[in-house]
Amino acid sequence: MLGFRSPKALASCQSAHDHHKSWQILEIFLHAMSAELLVPYVRHAMGRRHAPSVQGFLDCQRTPNQ
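Using my numbering, read the sequence shown as starting at 83 and increasing by one per residue.
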């Protein structure tokens, strides 16, 4: 999970006792997912001269090899 190198770091993340650190981990995850999924979709849609949309993103995720 998230590339933790020590069992103690992983346990700290999973326990979520510190709410500030939990939010930071969530923000890191959301940023990574947007970079990994959303940015390529927007580039693909704009390259085809389509306006990016939620439905278009969902359709693209259902058929990723097109």
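Glycine included, each C-beta is placed from N, C-alpha and C at the ideal position. These numbers were taken from a predicted model, which means no experiment stands behind them.
Residue CYS95 holds the alpha-carbon nearest to the alpha-carbon of ILE110 among ALA133, CYS95, VAL136.
Each residue's CA atom was taken as its position, placing LEU92 and ARG131 some 43 Å apart. The residue among ARG144, HIS113, PHE139, LEU108 with its C-alpha nearest the C-alpha of VAL124 is PHE139.
If one requires a minimum length of 4 residues, the alpha helix (DSSP H) runs lying completely within the region 92-125 are 101-115, in chain order.
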